[in-house]
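**Q**
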Amino acid sequence: MNVERVLIVAALFAGLAGGYLLARPRLRGRRSERPQAIHQILLPFTGTAISRRAVDAALRLARAEDATLMPAYLATVPKRLPLDCAIPAEAAKAMSMLEAIEQRATAQGVSVDSRIERGRSSRHALARLLARETFDRVVVPAAAGAGAELSGDDLAWLLEKAPAEVLILRPGPEDRRLVTSEPASSGVPG
Amino acid sequence: MAGRLKVFIGMAAGVGKTYRMLQEGHIAQDAGRDVAIGYMEPHRRPETSALAEGLEEVPRRRLTYRGTDLEEMDLPALLARAPALALIDELAHTNAPGAEHGKRYEDVRDVLAAGIDVFSTVNVQHLESLNDQVTELTGTRVRETIPDAVLGEADEVVLIDLTPEALIERLRAGKVYPGENIEAALRNFFTVENLLALREVALRQVAQEVEAKRLVIEEPLGTREERVAAGVSKAVGERLLALVRPQPSSQRLVRRAWRSAQRLGTDLDLLWVKPPNQLIEGEVERQVIALRHLASVLGATFLIEESDSLVDGAAQVVRDRGTTYIMVGESLPPRGLARLREPLPQRLMRATPPGVDVRIVAHRGGNDGGSK
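Residue numbers (the working numbering), protein chains in the order written: chain A, 1 to 190; chain B, 1001 to 1372.
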């Protein structure tokens, strides 16, 4: 009698386990089909260096909120060229910066989805990016005099127009520390 | 024996392609060859029309489409006339419905197959692979295109070159378009910037054609690697293809591929082999748009090929585009039965023509899985 019970229990267990194994791929598939809320943090920048404080702040936020960081290089296209033309020289600058930011992000386990956006000015490029993508937050360093940041007017415009929370980082002494495409040994502060 | 094809290529209308074709037709006729015009588009240019005098023209035929009479080349009549050399303008022209073929270059193939030599003309923006690039440069898209392979089939490609300033001068003098169209043309397409960019594209294209032919001739002298190692030939004829997927990790692959393309001074194609049942919507659509946008910024061409098999889809594009170098992202460790399957790079190398290199770009990790 006991042997029969053991056999019945074993058969039930085997059936359940088999059913689970068969259903698992489908369950996985369904899970991956679920629409995911977009949690993105935009980090717009220009030039060949960005404040390390801004990058680190954006990365901290992204990690805390399990969000994707979207570093976006704002490229200026001269008026004599069509706005949608290829811009290899600007792209080369952008690539190096995006690579440097992606390295820091990967080291901290943060997902990255980079962009290069063209415009007649940094603000125009930012406007085009805002129109194209969806963000929950924008992190941007205030102008600290390095020359490559968005201007005060641009920041005021961003506060007014961005359909997301805007985090403007107050300039600080550590803003001298930059993330650049150059190796650290090449005399770059920080 | 098939006829020989000579193509006169230019950066834009008005550089003198048809004129030069007719000049060479006269030279051939004076040398005793039987020459006939299969089709010529005078574009209301008196100098061009005058030059056509003295050359026999096979009468055009009229085709009626939706109540409109259209004049097309009469392919059967040309084949029946069977000259030694046929002059056929506008290689990229789309024929009216009712003609033997949809495109004129297909007519030209028939003429060549009949053993008749052909002189023809085309503008650089009509080449399929350059169409997007030229659109980006000039803001104007041309609808009539020809596969790049058609130019590759030509035995001789002659670039009709003119400085932008000289072409604008011709335009102003009314030698390109009738008076009422000149100002609009000058405002829209015929700007110095546009023409400079187009001229560069045309020069580059012809240089690549010449180099590609030279490499084919040199092939028996050794493998491509041997010649590169020996410094005999620089890698001008290379074409890169990066296999991407609509996900953020592909951005890194594209960056690497673009840098390689820049170093080689060659063109870059980005290819996503889309499973037939996959819909382009939601996050996939967003990433496709991002890839298309990135390709546009970089001057690369983004292609979507629908196929059940990544390898088959990629191999088809490699053949169509003349790719010499494929870059793929690092694969995730295979699971289950996939462990028994041959790795992607090996499958790609077996499916593509000999000599196509495959390079794997390491995945940085953390984002969204490997590329393959």
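Glycine included, C-beta positions come from ideal geometry on N, C-alpha and C.
In terms of residue numbering, what span does the beta strand (DSSP E) encompassing B:G1329 cover?
**A** Numbered from 1 along the second sequence, position 329 holds the residue referred to as residue 1329 of chain B. Element bounds for B:G1329: 1325-1329.
**Q** How far does the alpha helix (DSSP H) with B:S1307 in it extend, from its first residue to its last?
**A** For the purposes of this step, residue 1307 of chain B is taken as residue 307 along the second sequence, with counting starting at 1. Element bounds for B:S1307: n/a, residue is neither H nor E.
**Q** Scan the region 1059-1127 of chain B and note each continuous beta strand (DSSP E) run of 3 residues or more that stays entirely inside, going in chain order.
**A** You should have 1061-1065, 1068-1072, 1085-1088, 1117-1123.
**Q** Tell whether a beta-carbon distance below 7 Å holds between B:V1035 and B:L1085.
**A** As a first step, residue 1035 of chain B must be located in the second sequence, where it is residue number 35. As a first step, residue 1085 of chain B must be located in the second sequence, where it is residue number 85. Result yes, Cβ atoms of B:V1035 and B:L1085 sit closer than 7 Å.
**Q** Determine whether the Cβ of A:D66 lies closer than 7 Å to any Cβ atom of chain B.
**A** Here residue 66 of chain A refers to the residue found at position 66 of the first sequence. A:D66 does not count as touching chain B.
**Q** Does A:A164 come out as helix, strand or coil in the three-state DSSP assignment?
**A** Residue mapping note: residue 164 of chain A aligns to position 164 of the first sequence, counting from 1. Of the three classes helix, strand and coil, the one that applies to A:A164 here is coil, per DSSP.
**Q** So A:P88 contacts chain B; which residues on that side make the cut at Cβ distance below 8 Å?
**A** To locate residue 88 of chain A, count along the first sequence from 1; it is residue 88. By Cβ distance, chain B contributes Q1262, L1298, G1299.
**Q** Roughly how many angstroms lie between the CA atoms of B:R1359 and B:L1298, to the nearest whole one?
**A** As a working mapping, residue 1359 of chain B is identified with position 359 in the second sequence. As a working mapping, residue 1298 of chain B is identified with position 298 in the second sequence. Roughly 20 Å separates the two Cα atoms.
**Q** If the criterion is Cβ atoms closer than 7 Å, does the pair B:D1148 and B:E1128 meet it?
**A** Looking up residue 1148 of chain B in the second sequence gives position 148. Looking up residue 1128 of chain B in the second sequence gives position 128. Yes, Cβ-Cβ distance for B:D1148 and B:E1128 is below 7 Å.
**Q** In whole angstroms, what separates the C-alpha of B:T1324 from that of B:F1190?
**A** What you label residue 1324 of chain B is simply residue 324 of the second sequence in a count that begins at 1. What you label residue 1190 of chain B is simply residue 190 of the second sequence in a count that begins at 1. For B:T1324 and B:F1190, the distance between alpha carbons rounds to 35 Å.
**Q** Assess, as a yes-or-no matter, whether the region 61-73 of chain A is touched by the region 100-118 of chain A under the definition of 3 or more beta carbon pairs within less than 8 Å.
**A** With a cut-off of 8 Å, the region 61-73 of chain A and the region 100-118 of chain A count as touching, because enough Cβ pairs lie within range.
**Q** By alpha-carbon positions, which one of A:A164, A:L155, A:K161, A:A162 ends up nearest to A:R170?
**A** If you number the first sequence from 1, residue 170 of chain A lands on position 170. Out of A:A164, A:L155, A:K161, A:A162, A:L155 has the C-alpha closest to the C-alpha of A:R170.
**Q** Could you check which residue in B:A1092, B:I1009, B:L1291 has the C-alpha nearest to that of B:L1271?
**A** Within the second sequence, residue 1271 of chain B is the residue found at index 271, counting from 1. It is B:L1291.
**Q** Have a look at the DSSP bridge pairing and note the partners of B:K1274.
**A** Here residue 1274 of chain B corresponds to residue number 274 of the second sequence, with the count starting at 1. Partner(s): B:E1306.
**Q** From which residue to which residue does the beta strand (DSSP E) around B:I1037 run?
**A** Within the second sequence, numbered from 1, the residue matching residue 1037 of chain B stands at position 37. Start and end: 1035-1039.
**Q** Since B:A1092 and B:E1144 are thought to touch, with beta carbons under 8 Å apart, how far apart are those beta carbons, to the nearest angstrom?
**A** The count along the second sequence starts at 1 and reaches residue 1092 of chain B at position 92. The count along the second sequence starts at 1 and reaches residue 1144 of chain B at position 144. Sure, about 5 Å apart at Cβ, within 8 Å.
**Q** Do the region 1098-1114 of chain B and the region 1155-1173 of chain B make contact, defined as three or more Cβ pairs closer than 8 Å?
**A** Contact between the region 1098-1114 of chain B and the region 1155-1173 of chain B is absent, because fewer than three Cβ pairs lie under 8 Å.
**Q** In this structure, how does DSSP classify A:R80 when only helix, strand and coil are distinguished?
**A** The residue given as residue 80 of chain A occupies position 80 in the first sequence. A:R80 falls in the coil class under three-state DSSP.
**Q** Establish whether the CB of A:R31 and some CB of chain B are separated by less than 7 Å.
**A** One-based indexing of the first sequence puts residue 31 of chain A at position 31. Here the model assigns A:R31 a pLDDT of 45, short of 50, so the residue's position is not dependable, and the following value carries that caveat. Cβ-Cβ to chain B under 7 Å: no for A:R31.
**Q** To the nearest angstrom, how far is it from the Cα of B:A1012 to the Cα of B:V1124?
**A** Position 12 of the second sequence, counted from the first residue, corresponds to residue 1012 of chain B. Position 124 of the second sequence, counted from the first residue, corresponds to residue 1124 of chain B. Those two C-alpha atoms are separated by around 7 Å.
**Q** Use the C-beta contact count for A:I101: other C-beta atoms within 10 angstroms, 16 or more gives buried, fewer gives exposed.
**A** Translated into the one-based positions of the first sequence, residue 101 of chain A becomes position 101. Result: buried.
**Q** Less than 8 Å between the CB atoms is what I'm expecting for A:R123 and A:W157, so what's the real figure, rounded?
**A** As a position in the first sequence, residue 123 of chain A is number 123, starting the count at 1. As a position in the first sequence, residue 157 of chain A is number 157, starting the count at 1. Going by Cβ atoms, the distance from A:R123 to A:W157 rounds to 6 Å, so yes, they are a contact pair.
**Q** Which stretch, first to last residue, makes up the alpha helix (DSSP H) that contains B:P1246?
**A** The residue you call residue 1246 of chain B lines up with position 246 of the second sequence. Premise fails: B:P1246 is in no alpha helix (DSSP H) and is neither H nor E.
**Q** Does any C-beta atom of chain A lie closer than 7 Å to the C-beta of B:Q1251?
**A** Position 251 of the second sequence holds residue 1251 of chain B. Output row for B:Q1251: interface = yes.
**Q** Verify the CB distance criterion: does B:E1193 have a CB-CB separation below 7 Å to chain A?
**A** Position 193 of the second sequence holds residue 1193 of chain B. Yes, contact with chain A.
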